[in-house]
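Notes follow once the structure below has been shown.
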Amino acid sequence: MTALTGTRTSYDGLVDLVRAGALGPHPGTLRVAVAFTTRQAVRHDGRGTGYRNEVLSLRLAEAVGSCAVEPGALPDSAVEECVGADVARLLEHPLPAVRVAALDAYLMHVLPHTPAHGARPVSLLAGSSLEKSRARAKTVVGLLDLPPGATVLVVGVVNSLLEALRSRDLRYIPCDLKGGATEWDEPVVADALAAAGRCDALLVSGMTLGNGTFEPLRRHALAHGKQLVMFAQTGSAVLPRFLGQGVSAVCAEPYPFFWLDGGPGVLHRYDGSCPGGGR
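Using our numbering, you'd call the opening residue of the sequence shown number 42 and step up by one each time.
Given below as structure tokens:
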């Protein structure tokens, strides 16, 4: 796996490497052919609450890069602005979601999810939306190496993840910028970094790339030697680049996501154990 070295260990440092063509073709030579959004609302059977997703995706050759946004936050013009634009231009776009999706598409193109780049495929069986959600959660939580009773900061509240943590006798502090409460009326904190000091490990959504909260959490994990496991639909090809630089493991899930159909799918597990991983 291509890892970041020296002083360029930040998200901005990774963008600089891509801009310079240090990881593959110069981004100015590659153009996005297709841009689209995916909007979803869901309430699983047996659950009392639901949620919405909105994702911007960019197609670069065979690769699709994605960034989730708050529903309704992405202007319609963003899709048109991306089509036909080169990646270098999109990495300078004023919208963070466009910049993240463009970086993700580029890295998916040059460093796809293969064993040579540190990925281990994990099959998701066909099933209902809830069955697939729980199967993904089991894979994600399986990347944490913690004893019973440890406390996990969960950034990006997913009820199936909370269930999976409880099944392992792990405590958790749920966190989301919107605050609120979980399915079980547990309070959701809004400030992840403020809560991180009370936790033994961090379980974090890739959405933090798009809202600017990833870097402070990565630096906290690195400074305090804590596990930082990422579950990534947003930035699935971006986050594995930070293995060994604060990120301990990634469950990468590129488009199409598990919630789009009931058929079989695949996740990509990065934990540094696969040849090429973590270097």
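Just so it is clear, CB atoms sit at the ideal spot from N, CA and C, and this is done for glycine as well.
As the structure is a prediction and not an experimental result, all values here were calculated from the model.
With distances taken from CA atoms, which of the options is nearest residue i?
i: A61; options: V128, A102, E111 and S118; result: V128
i: A191; options: H67, G306 and L244; result: L244
i: D312; options: G306, V288, R259 and S201; result: V288
i: P281; options: L101, G113, E95 and P153; result: P153
i: R209; options: G220, L218, P188 and V229; result: P188
i: R161; options: L263, P305, G220 and C292; result: C292
i: T78; options: L101, P112 and L211; result: P112
i: A212; options: G221, L185 and D232; result: The displayed chain sequence assigns Arg, not Ala, to residue 212. Nearest of G221, L185 and D232 to R212, Cα basis: L185.
i: D145; options: S164, Y52 and S107; result: S107
i: Y147; options: R72, L171, G159 and G221; result: R72
i: R260; options: N252, G276, T275 and G285; result: G285
i: G266; options: H158, A242 and N252; result: A242
So, is residue i buried or exposed, given that buried needs 16 or more other C-beta atoms within 10 angstroms?
i: A63; result: exposed
i: E294; result: buried
i: R310; result: buried
i: A278; result: buried
i: L166; result: exposed
i: P68; result: buried
i: D232; result: exposed
i: G276; result: buried
So residue i and residue j are in contact, right, with Cβ under 8 angstroms, and what is the actual spacing, rounded?
i: L97; j: V59; result: Going by Cβ atoms, the distance from L97 to V59 rounds to 18 angstroms, so no, they are not a contact pair.
i: A142; j: L99; result: 5 angstroms
i: N200; j: T180; result: Actually they do not touch by this definition, with Cβ atoms about 16 angstroms apart.
i: E95; j: A109; result: 7 angstroms
i: L194; j: C216; result: 6 angstroms
i: H150; j: A104; result: 4 angstroms
i: S52; j: F255; result: Rather than Ser, the amino acid found at residue 52 in this sequence is Tyr. That belief holds up - the Cβ atoms of Y52 and F255 are roughly 6 angstroms apart, short of 8 angstroms.
i: S164; j: P305; result: 7 angstroms
Would the C-beta of residue i count as close to the ligand GTP, meaning under 7 angstroms from any of its heavy atoms?
i: K179; result: Among the components of this structure there are no ligands whatsoever, and the ligand GTP is therefore not found.
Tell me the DSSP bridge mates of residue i?
i: Y311; result: V291
i: C216; result: V196 and V230
i: F77; result: S98
i: R161; result: R310
i: G106; result: L99
i: L244; result: V195 and V270
i: R93; result: A82
i: L284; result: V288
i: A138; result: Bridge partners of A138: none, in fact.
Alpha carbon to alpha carbon, what distance is there between residue j and residue i?
i: V124; j: A74; result: 6 angstroms
i: T46; j: F283; result: Note that T46 scores a pLDDT of 44, beneath 50, so its modelled location is shaky and nothing firm can be said.
i: W300; j: T70; result: 33 angstroms
i: A119; j: G183; result: 37 angstroms
i: D226; j: A205; result: 17 angstroms
i: A273; j: G168; result: 21 angstroms
i: K173; j: S246; result: 17 angstroms
i: G303; j: K219; result: 29 angstroms
i: V229; j: V83; result: 20 angstroms
i: P116; j: L136; result: 10 angstroms
i: R49; j: D57; result: For R49, the predicted structure reports a pLDDT of 49, less than 50, and the residue's modelled location is therefore unreliable. A value from the coordinates is still provided. Each residue's alpha carbon lies about 8 angstroms from the other.
i: C240; j: R80; result: 33 angstroms
i: T264; j: R177; result: Residue 264 is actually Ala in this sequence, not Thr. Roughly 29 angstroms separates the two Cα atoms.
i: V198; j: I214; result: 10 angstroms
i: L132; j: P156; result: 27 angstroms
i: P257; j: A290; result: 17 angstroms
i: L238; j: A114; result: Note that residue 238 is Gly in the sequence shown here, rather than Leu. Taking the straight line joining both Cα atoms gives about 31 angstroms.
i: M248; j: A262; result: 17 angstroms
i: A236; j: V196; result: 10 angstroms
i: V270; j: L308; result: 14 angstroms
i: A126; j: A76; result: 10 angstroms
i: L101; j: G159; result: 21 angstroms
i: L171; j: Q268; result: 27 angstroms
i: R207; j: N252; result: 28 angstroms
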